[in-house]
């Protein structure tokens, strides 16, 4: 148990350091959502006036966590394959899941830079002041959102292991998740068939927790759901990883995708 | 004849080489699925914010997405050569630089055109925005002019790719700037004055405005001023791009840094 936690902790730290120094995974993860946040601020200011911008600032900030995860997570195994380290990681005595999870967790942590960056951007350029009613739940909500997005990223990473186009799938999923999780658009505005998809996604509940905590609602229910979904994604991810690895070993295709 | 051959064949081979990493399925995900979702995202944000119509976002975002292939593919024609370690061979060849790089721009322009036209069509179909068939011809001309001018910016980006290693970051930054400034989702009149002033010097701004006017029934003659300005901006960027390529090529030769960026 302690060894597993040590692997998780050290690998997380290593990947946070590497991603922080990468212009694409670090800098772009912070800047890219700011473009969308800026457009959204202008749109809502034109439509509803400046008073509506608080929740938009919050949503735009959380969107960045998903941006930071979507491409790096989906292409995590592909990248190891390019580096020539995938086989070494697979034959290492530790479970590959323990090596993969810190990658998506690190990407998700980088997303926190974006949360801070967007909130500062919103305050400095658009004069949006955020008042948080339940600071503790707000912090817990952020941590839970990071965890659920990291777990979703982990599930994506193991699901796309056999695909050469993993990064493109991750990139193509960026907008749909922003849309369906109700970051900037209320889920009620989406077509009915999209609602169950939204409910099955952890970021939806993470965003709801953060909103309820900031504006004085009931954040406990969504917080528990966010964490529960993170656990579900991890569980499914572990099973999928076992199946994928067994198949790759049997067919000797680990390095071929 | 040699220049024409370099222009057409060189451009075609370079474009096909892009697909060594960009398989058709990746093309589908990035240049078909993603622009449609960008249109949906902003159309729904527009609904939530009670601003603009679906048509406004379909036209704006379809046109804006033309920038993605124009910027990325154009840059990749240089960055990709460096990655494959073939850049030096190209630059020591006696081929004229103008046909060499403009030839590579031609397929990129067609690519951007197809992406924007497809997004316009599919985005419109999904959101129930119907365009009269009479606007397709003029709209195609506007899209073509927009992709031409974006490719001008792409040439600048490609030139910087001789010096900057993180070309994809640079391309993303430019796409983001265009997203805010060129009036795809926020009309230029709603932007602060300084931003509106900047936007008129960027590719796409005039083309997006022209496309919206065409959709509302204006003819090509009515929007020729806008198209002229869009083309002018594109030519300005293309000339600057070729100058930057020439400058950095010379610098790279002088300092022996061609493959080092």
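Residue numbers (the numbering used here), protein chains in the order written: chain A, 30 to 286; chain B, 42 to 302. We put the CB at the ideal spot given by N, CA and C, even for glycine. Computed from a predicted model, the values in this text were never measured in an experiment.
Item, Value
"Distance, residue 207 (chain A) Cα to residue 182 (chain A) Cα", "14 Å"
"Given 8 Å, three or more beta-carbon pairs between the stretch 159-172 of chain B and the stretch 127-140 of chain B", "no"
"Residue from B:167, B:143, B:147 and B:91 whose Cα sits closest to the Cα of residue 79 (chain B)", "B:167"
"Residue 207 (chain B) (DSSP reduced to helix, strand or coil)", "coil"
"Proximal chain B residues relative to residue 72 (chain A), where beta-carbon distance stays under 9 Å", "83, 86, 87, 89, 90, 92, 93, 226, 227 and 231"
"Expected contact under 8 Å - CB spacing of residue 245 (chain B) and residue 219 (chain B) to nearest Å", "6 Å"
"Minimum length 4: unbroken alpha helix (DSSP H) runs contained in the stretch 163-223 of chain A", "164-188, 195-201 and 203-209"
"Any alpha helix (DSSP H) of 4 or more consecutive residues that is wholly inside the stretch 181-225 of chain B", "208-222"
"Proximal residues to residue 99 (chain A) (C-beta, below 6 Å), its chain only, five neighbours per side dropped", "199, 202 and 203"
"DSSP-derived helix/strand/coil call for residue 268 (chain A)", "helix"
"8 Å Cβ cutoff, residue 78 (chain B) in contact with chain A", "yes"
"Beta-carbon contacts of residue 177 (chain A) that lie in its chain and below 8 Å, excluding the five residues immediately before and after", "231, 232, 234, 235, 255, 256, 258, 259 and 262"
"Alpha helix (DSSP H) runs wholly inside the stretch 213-283 of chain B, at least 4 long, in chain order", "234-240 and 246-256"
"Short Cβ contact (8 Å threshold) for residue 180 (chain B) with residue 272 (chain B)", "no"
"Secondary structure of residue 296 (chain B), DSSP reduced to three states", "helix"
"Collapsed DSSP secondary structure at residue 31 (chain A) in the structure displayed", "helix"
"For residue 110 (chain A), three-class secondary structure by DSSP", "helix"
"Contact between the stretch 54-74 of chain A and the stretch 142-158 of chain A (3+ Cβ pairs under 8 Å)", "yes"
"Nearest-angstrom beta carbon gap, residue 150 (chain B) and residue 192 (chain B) [assumed within contact, 8 Å]", "5 Å"
"Contact the stretch 70-77 of chain B vs the stretch 154-167 of chain B: 3+ CB pairs below 8 Å", "yes"
"Rounded separation between residue 219 (chain A) and residue 224 (chain B) - CA only", "25 Å"
"Counted within 10 angstroms of its Cβ, other Cβ atoms place residue 275 (chain A) as buried (16 or more) or exposed", "exposed"
"Residues of the stretch 189-207 of chain B with Cβ closer than 7 Å to any Cβ of chain A, in chain order", "207"
"Within chain A, partners of residue 71 (chain B) - CB distance below 8 Å", "197, 200 and 201"
"Any 3 or more C-beta pairs closer than 8 Å across the stretch 239-253 of chain A and the stretch 160-178 of chain A", "yes"
"Own chain residues within Cβ distance below 7 Å of residue 303 (chain B), not counting five before or after", "Here chain B has residues from 42 to 302 only, and residue 303 (chain B) is not among them."
"Limits of the alpha helix (DSSP H) - the one that residue 140 (chain A) falls within", "125-155"
"Per-residue contacts from residue 102 (chain B) into chain A (C-beta, under 7 Å)", "Under the 7 Å cutoff, chain A gives no residues; its nearest Cβ is about 10 Å from residue 102 (chain B)."
"Backbone CA spacing between residue 287 (chain B) and residue 282 (chain A) [nearest angstrom]", "45 Å"
"Boundaries of the alpha helix (DSSP H) in which residue 96 (chain A) is found, first to last residue", "82-103"
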